[in-house]
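First to last, the sequence lines map onto chains E and S.
Heads up, the first sequence stops at 276 in my numbering, and the numbers go up one at a time, no gaps.
Heads up, the second sequence stops at 314 in my numbering, and the numbers go up one at a time, no gaps.
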Amino acid sequence: MKILVPVKRVVDYNVNIRVKADGSGVDLANVKMSMNPFDEIAVEEALRLREAGAASEVVAVSIGPKEAQETVRTALAMGADRGIVLEAEGNVEPLAVAKLLKAIVAEEAPGLVILGKQAIDDDSNQTGQMLAALLGWPQGTFASKLVLADSGIEVTREVDGGLQTVRLALPAIITADLRLNEPRYASLPNIMKAKKKPIDFRPAAQYGVDLTPRLTVLKTAEPPARPAGRRLASVAELVDRLKTEAGVL
Amino acid sequence: MTTLLLAAHDGASLKDATLKALTAALAIGDDIHVLVAGDGVAGAAAEAGRLKGVSRVLTAEAPALAHGLAEPLAALVVALAPAYAAILAPSTSTFKNALPRAAALLDVMQISDITAVLAPDTFERPTYAGNALITVRSADPIRLITVRTASFRATPLEDRAPAPVGAVTAPTDFGISAFVSDAFSTADRPELTSARVVVSGGRALGSEEQFKALLLPLADRLGAAIGASRAAVDAGYAPNDWQVGQTGKAVSPDLYVAVGISGAIQHLAGMKDAKVIVAINKDAEAPIFQVADYGLVGDLNEIVPELTKALG
Ligand SMILES: Cc1cc2nc3c(=O)[nH]c(=O)nc-3n(C[C@H](O)[C@H](O)[C@H](O)COP(=O)(O)OP(=O)(O)OC[C@H]3O[C@@H](n4cnc5c(N)ncnc54)[C@H](O)[C@@H]3O)c2cc1C
């Protein structure tokens with residue numbers, strides 16, 4: 028079985044982003060970019076399934092500017108076998124990404140597609156569910172545990188009340204949550220090896236998918252700042268202020 | 003221009019999240035239908051008929067809908083969609099799972115986690131862990147929306163002549179997904195997303211035993227729900243459904259007490275809309291103090307028991 032892992036290039040999670048003064052967007056000049064952390068977890072899970080003998084090949088695919096190859100290269104350094112970059116400029120929305128991934132699934136015929144549950148830039152939490160819809164496949168979102176069996180896959184999911192386990196027929200879509208695993212770091216030898224692994228570049232346009240955004244961003248703003256608070260000297264003072272000043276007790 | 007509101011409920015009654023999403027629905031338009039899907043929903047449907055602005059309640063009941071599986075639930079939404087200009091649901095895990103599936107089947111871009119309605123086709127939503135609020139206008143003929151409940155007040159049930167309740171055809175089971183089991187924590191505490199007070203613990207609690215020994219008595223005194231940082235959940239001190247943050251739950255209580263939490267942007271994303279924030283941390287430079295109204299610098303192992311006692 029082949030596993031396809033879509034990976035997104037995003038602003039590194041440690042960066043404190045800044046909104047441009049004219050409200051036209053987020054300032055991405057000279058900002059550190061990394062693989063979306065949830066996608067690292069997805070790559071790790073695919074590698075573990077291959078290492079356990081449940082999968083034969085792990086293919087990483089990224090949709091984005093040319094630089095998205097760095098993200099694919101990171102997946103290859105972690106251990107993925109080969110990569111695909113679909114080059115597209117500008118903002119490609121989850122719906123369009125799902126349509127492009129559907130075309131890649133048709134070419135690659137994976138038994139599982141494992142994605143991150145959300146990208147930490149647009150925070151949409153949609154792509155995996157949309158891909159599942161377009162393929163007519165079942166979906167195991169927010170996964171914290173996977174158990175493969177002959178007849179399908181059992182997915183334990185992080186839900187509002189706790190955990191839910193579902194059984195899905197294969198092929199299926201999985202989206203990774205934080206507790207699925209702890210992703211490995213790429214070792215130096217593996218980073219060197221990854222340089223020789225194949226990456227296939229294609230223009231996203233060749234798939235005939237309309238990439239025009241459905242949502243127009245009219246404005247980008249910083250959230251209102253909270254007024255500065257104060258340090259208190261004692262627990263007694265805290266209780267007093269919560270009662271009299273804040274009125275929340 | 004009718005709006006369809008998808009209800010979060012437990013069969014017997016509506017969840018608070020539904021009353022908050024209703025507030026967003028009312029900002030779009032005042033002709034609202036409510037869909038109550040599940041298996042055995044009479045109580046929740048009766049309540050839905052007393053919601054402000056609601057002119058019809060639709061029920062869909064089938065074993066396949068009992069556990070909120072995305073495949074049948076999305077199919078149901080798609081079947082109902084042609085009659086509506088907007089379909090809204092609270093950002094619960096059930097609807098975060100199912101609504102994008104419905105959106106793709108309808109060929110529309112979902113608008114996730116809205117924090118404000120500016121016009122029937124224009125919304126505000128957070129990106130970058132809440133550090134950039136974007137205003138987006140949808141060009142789709144029908145808008146599919148999830149609502150960040152922490153950003154809307156609940157519109158309470160009304161004492162009114164109930165709206166008519168009618169059943170719609172439930173989808174068949176596609177046979178590609180099945181419910182196996184639930185492992186739900188059954189604490190009789192207020193729900194995290196609707197509690198008036200939240201006490202949250204971080205990595206500094208050090209163990210599950212210490213997390214419980216220190217925070218449960220404080221939460222009991224305050225009638226609070228309990229939350230946690232990702233680090234505390236990853237370490238096994240607290241269950242996953244207690245995680246507050248960008249990728250956990252968003253809360254906006256009157257009082258949020260952060261104990262031994264550093265205040266990473268991913269954590270702040272889930273709690274900085276609280277009315278009053280208290281931080282207890284031994285590091286005077288911890289970023290949590292930048293959003294806290296009141297800060298106590300010191301060892302939580304001394305401060306928390308003292309606070310619990312002072313509230314007694
Ligand atoms: C993709 C992604 C998603 C994430 N999503 C979330 C999320 O949704 N929610 C979330 O919370 N985090 C999230 N995180 C993690 C986040 O970046 C931080 O790592 C996490 O919030 C840190 O948790 P913490 O504050 O408990 O631990 P730490 O950062 O280790 O802070 C512990 C704090 O305790 C204090 N302390 C230590 N001992 C004592 C003592 N005896 N008394 C008092 N204070 C003490 C320290 O000074 C320190 O400030 C995410 C990260 C990533 C990459």
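Backbone N, C-alpha and C fix where the C-beta goes; we use that ideal spot for every residue, glycine too.
The DSSP-derived three-state label of VAL261 of chain S is strand. For LYS284 of chain S, the CB falls within less than 8 Å of some heavy atom of ligand 1.
Taking 4 residues as the shortest admissible run, the stretch 160–225 of chain E contains the following complete alpha helix (DSSP H) segments, listed from N- to C-terminal end: 215–221.
Contact between the stretch 85–97 of chain E and the stretch 45–53 of chain E is not established, with fewer than three Cβ pairs separated by less than 8 Å.
Within chain E, the residues placing a beta-carbon under 9 Å from that of ASP115 of chain S are ASP150, SER151 and ASN152, ordered along the chain. Going by beta carbons, ALA104 of chain S and LEU146 of chain S fall inside the 9 Å limit.
Counting only unbroken stretches of 3 or more residues, the beta strand (DSSP E) elements lying wholly within the stretch 156–185 of chain S are 167–169, in sequence order. ALA10 of chain S sits buried, since 16 or more C-beta atoms from the chains shown fall within 10 Å of its C-beta.
For THR310 of chain S, the distance from the CB to the nearest heavy atom of ligand 1 is not below 8 Å. One thing to note: ALA39 of chain S has its Cβ no nearer than 9 Å to the Cβ of GLN191 of chain E.
By the Cβ neighbour-count rule, LEU207 of chain E is buried, with 16 or more other Cβ atoms within 10 Å of its own.
Membership of GLY45 of chain S in the alpha helix (DSSP H) is indicated by the continuous run 44–50.
A distance of 9 Å or more separates the beta carbons of ILE131 of chain E and VAL186 of chain E. Cβ neighbours of THR148 of chain S within its own chain (closer than 8 Å, five residues either side excluded): LEU90, ALA91, PRO92, SER93, PHE97, LYS98, LEU101, GLN112, ILE113, SER114, ASP115 and ILE116. With a cut-off of 8 Å, the C-beta of PHE65 of chain E is classified as near ligand 1, since at least one heavy atom of the ligand falls inside that distance.
For the stretch 87–120 of chain E, the continuous beta strand (DSSP E) assignments of 3+ residues that do not extend past its boundaries occur at 109–114, in sequence order. Residue burial annotation: GLU120 of chain E is buried, with at least 16 other C-beta atoms found within 10 angstroms of its C-beta. Taking the C-beta atoms as reference points, GLN245 of chain S is found no nearer than 9 Å to GLY265 of chain S.
Taken through DSSP and simplified to helix, strand or coil, ARG191 of chain S comes out as coil. Look at ILE305 of chain S here: in three-state DSSP terms it is helix. Residue contact check for PRO250 of chain E against chain S: a CB pair falls below 9 Å. Against chain E, the beta carbon of PHE181 of chain S has neighbours under 7 Å at VAL193, listed in chain order. Excluding the 5 residues flanking it on each side, GLY110 of chain E has same chain C-beta neighbours closer than 8 Å at VAL86, ALA87, VAL88, SER89, GLN96, VAL99, ARG100, ALA102, LEU103, LYS224, PRO225, ILE226 and ASP227, in chain order. Looking at S:PRO74, S:GLY42, S:GLY132 and S:ASP109, the one whose alpha-carbon comes closest to that of GLY247 of chain S is S:GLY132. VAL262 of chain E sits in a helix when the DSSP states are folded into three classes.
Residues of the stretch 152–177 of chain E that bring their beta carbon within less than 9 Å of a beta carbon in chain S comprise ASN152, GLN153, THR154, GLY155, GLN156, MET157, LEU158, ALA159, ALA160, LEU161, GLY163, TRP164, PRO165, GLN166, GLY167, THR168, PHE169 and SER171, in sequence order.
Less than 9 Å separates the beta-carbon of ALA170 of chain E from that of ILE201 of chain E. In summary, GLN233 of chain E is exposed, with fewer than 16 beta-carbon neighbours lying within 10 Å of its beta-carbon over all protein chains present. In the structure shown, ILE267 of chain S adopts helical secondary structure according to DSSP, grouped into three states. As the crow flies, the alpha-carbon of MET28 of chain E is around 44 Å from that of THR5 of chain S. ILE144 of chain S sits in coil when the DSSP states are folded into three classes, being neither helix nor strand. The C-beta of LYS59 of chain E has fewer than 16 other C-beta atoms within 10 Å across all chains shown, which makes the residue exposed. With a cut-off of 8 Å, the C-beta of GLY250 of chain S is classified as near ligand 1, since at least one heavy atom of the ligand falls inside that distance. Separation of ASP150 of chain E and GLY138 of chain E (C-alpha to C-alpha, rounded to the nearest whole angstrom) is 27 Å. Taking GLU272 of chain E as reference, the option from S:ARG223, S:VAL278 and S:ASN242 with the minimal CA-CA separation is S:VAL278. Here GLU210 of chain S has GLY238, TYR239 and ALA240 as same chain residues with Cβ atoms under 8 Å from its own Cβ, once five neighbours each way along the sequence are excluded.
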